[in-house]
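Everything below concerns the one structure shown next.
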Amino acid sequence: MRKKWALVLCAALTAMSLAGCGGKTGETNAPAAESSAGKTESTPEGTQEAQAPSGDVMTIEFFQQKGEEGPQKGYQAIIDKFNAANPDIKIEMNTVPDAGTVLTSRISSGDIPVIFSDYPTQQQFRQKVANGYVQDLSGQDFLKNVNESSLEMTKQEDGGYYALPYSRNYMGVFYNMDIFEENNLEIPETWDDFVKLCDTVKAAGITPVGLFGKDPGRVGHTFQCTTVAWAPNGVETIGKAAQGEAKLEGDPEFVSAFDKMSVLLSYANEDALALSDTACWEKFVNGEYAMCVTGSYARGTLQASNPDIRLGVFPLPNDTKETTHVLSGIDAAVCVSAKASDEEKAAAYKFLAFLADPENAQLFCNSDGAPSCINGVENDDEGISPMTDMINAGQTHDWMASTINNNVITDLYNVVQGFWADKDVDAVLKNMDASIAVTSAE
368 MRKKWALVLC AALTAMSLAG CGGKTGETNA PAAESSAGKT ESTPEGTQEA QAPSGDVMTI
428 EFFQQKGEEG PQKGYQAIID KFNAANPDIK IEMNTVPDAG TVLTSRISSG DIPVIFSDYP
488 TQQQFRQKVA NGYVQDLSGQ DFLKNVNESS LEMTKQEDGG YYALPYSRNY MGVFYNMDIF
548 EENNLEIPET WDDFVKLCDT VKAAGITPVG LFGKDPGRVG HTFQCTTVAW APNGVETIGK
608 AAQGEAKLEG DPEFVSAFDK MSVLLSYANE DALALSDTAC WEKFVNGEYA MCVTGSYARG
668 TLQASNPDIR LGVFPLPNDT KETTHVLSGI DAAVCVSAKA SDEEKAAAYK FLAFLADPEN
728 AQLFCNSDGA PSCINGVEND DEGISPMTDM INAGQTHDWM ASTINNNVIT DLYNVVQGFW
788 ADKDVDAVLK NMDASIAVTS AE
């Protein structure tokens, strides 16, 4: 019976973990961008051998889900500093492909990493908390270093805090500041301004926008970004549709949003559907595109690919600045296993306190580039202010996985990927309704 329950739980949690946001998870259901930075040796299932303390040294696994180079380098810099300052504890970061699925499988089998990253605003995380897998961190002094708005986003149904929120994510339009300056371009604040900007860039012989649609998970990120930007009530409408209370076909907001998406695609690279994220990012940093619609998780990789590029980012604009919203949630967040021993928990708390120190959090921010959740950390990215200003003004919406079942979301990604090919607005909305009807009944 126990084995049967573990299999059922694994299937349920896996389904809920596939449409996250961070990186390609979280922050996304897509496999994380592969990087060797910060990886440790692991079994095919991503499981490190459990290690009892050797002498006076306790080895603690940190299962870290973000595969992009920027966050991995940031975490590793802090880990190296922590290990040097704490010779009795050795933190080892473990990052594997398809990390969300691997973590779910390990949890269901009872092999829970002592420390792991997760996405505390998502339904799948709330289920882990409800099942007793995540340690309640309420009352830990290090949470006092977290800015209040970020901390409140992670509050669970019982009022407790089960994660150390470390950075905010966002989806937006990254742009090459040199190209903008050379062509006297200004950051657009309305949709009409954005279209005019694209026309000007195209006339200069440069592809205006880089998009990547080879992976439906990455198409899904763009879809979430455009939904929040152009259909302010869109996420709620999808939620109602999943409850049988609404239809997307003929919905004015969604008709307008997909009309805009057709225009966006017309300004993008012709090979968007065949292009991976990393291939698109490389072309963008090498000047082939003036802009690229992507997430904050890409910033560190973009900067590492071309250290000389000057990057800016702005919200994808709606018809007016007042109606524009940014897709933004908690990205990096660090948790402790509720099943760990008291000794392991004590070591984990010490590491989380070290992470929450502003001086150390600054190291992560410098590498990752996303807005920090830790008070006192400053983002030195010269072009990020248009995005952070809107986030600080509260014109944001969390990722769909915070309120909608991931089965529904991930299948919509496939439907929208089809729209990138045929650009049929009526058909995509009809197909989305059909998809929701099936997946919401599962």
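Going from the sequence shown to my numbering is simple: count from 1 and add 367.
Every residue, glycine too, gets a C-beta built ideally from N, C-alpha and C.
Since the structure is predicted, the reported quantities are computational estimates derived from the model, not experimental observations.
Quick check: what's the CA-CA separation for residue i versus residue j?
i           : j           : result
residue 655 : residue 574 : 7 Å
residue 747 : residue 523 : 32 Å
residue 571 : residue 444 : 42 Å
residue 453 : residue 766 : 37 Å
residue 596 : residue 732 : 25 Å
residue 490 : residue 582 : 23 Å
residue 642 : residue 649 : 11 Å
residue 809 : residue 711 : 39 Å
residue 773 : residue 465 : 15 Å
residue 578 : residue 709 : 47 Å
residue 704 : residue 499 : 9 Å
residue 677 : residue 559 : 25 Å
residue 497 : residue 482 : 18 Å
residue 567 : residue 680 : 18 Å
residue 771 : residue 749 : 35 Å
residue 400 : residue 434 : Reliability fails at residue 400, whose pLDDT of 35 lies under 50, so the model's placement of it is uncertain and the value that follows must be treated cautiously. So the alpha carbons of these two residues sit roughly 5 Å apart.
residue 589 : residue 661 : 7 Å
residue 615 : residue 517 : 31 Å
residue 619 : residue 599 : 11 Å
residue 647 : residue 664 : 14 Å
residue 728 : residue 591 : 28 Å
residue 564 : residue 788 : 24 Å
residue 775 : residue 791 : 21 Å
residue 726 : residue 509 : 13 Å
residue 377 : residue 526 : Low confidence applies to residue 377: its pLDDT is 44, below 50, so where it sits in the model is not reliable, and the reading given next is rough at best. Whole-angstrom Cα-Cα distance: 26 Å.
residue 334 : residue 781 : The question about residue 334 has no answer here: the residues shown for the chain are numbered 368 through 809.
residue 739 : residue 511 : 14 Å
residue 624 : residue 698 : 25 Å
residue 506 : residue 755 : 29 Å
residue 622 : residue 538 : 21 Å
residue 713 : residue 694 : 35 Å
residue 724 : residue 717 : 11 Å
residue 761 : residue 692 : 9 Å
residue 783 : residue 594 : 11 Å
residue 785 : residue 587 : 11 Å
residue 601 : residue 764 : 10 Å
residue 734 : residue 584 : 24 Å
residue 652 : residue 631 : 20 Å
Alpha helix (DSSP H) containing residue i: first to last residue?
i           : result
residue 463 : Where residue 463 is concerned, there is no enclosing alpha helix (DSSP H), given that its DSSP letter is neither H nor E.
residue 740 : Neither: residue 740 is in no alpha helix (DSSP H) and is coded neither H nor E.
residue 484 : Note, residue 484: premise wrong, no alpha helix (DSSP H); beta strand (DSSP E) at 482 to 484.
residue 672 : 666 to 672
residue 757 : 752 to 759
residue 799 : 792 to 806
residue 446 : 436 to 452
residue 629 : 619 to 633
residue 601 : 601 to 609
residue 516 : 515 to 520
Just verifying my parser: in three-state terms, what is the DSSP assignment at residue i?
i           : result
residue 536 : strand
residue 589 : helix
residue 716 : helix
residue 647 : helix
residue 458 : strand
residue 583 : helix
residue 573 : coil
residue 770 : coil
residue 531 : strand
residue 662 : strand
residue 640 : helix
residue 708 : coil
residue 392 : Residue placement at residue 392 is poorly supported in this model, since its pLDDT is 37, which falls under 50; the coordinates still yield a value, given next. Reduced to three states, the DSSP call for residue 392 is coil.
residue 657 : strand
residue 785 : helix
residue 776 : helix
residue 474 : helix
residue 567 : helix
residue 525 : coil
Mind reading off the beta-carbon distance from residue i to residue j? Whole number of angstroms is fine, and I expect it under 8 Å.
i           : j           : result
residue 658 : residue 542 : 5 Å
residue 424 : residue 455 : 6 Å
residue 701 : residue 533 : 6 Å
residue 513 : residue 741 : 6 Å
residue 802 : residue 779 : 6 Å
Based on the DSSP output, what are the partners of residue i in its beta bridges?
i           : result
residue 861 : In the structure as shown, the chain starts at 368 and stops at 809, and residue 861 therefore has no counterpart that could be examined.
residue 763 : 693
residue 501 : 704
Tell me the residue span of the beta strand (DSSP E) that contains residue i.
i           : result
residue 428 : 425 to 430
residue 703 : 700 to 703
residue 697 : 693 to 697
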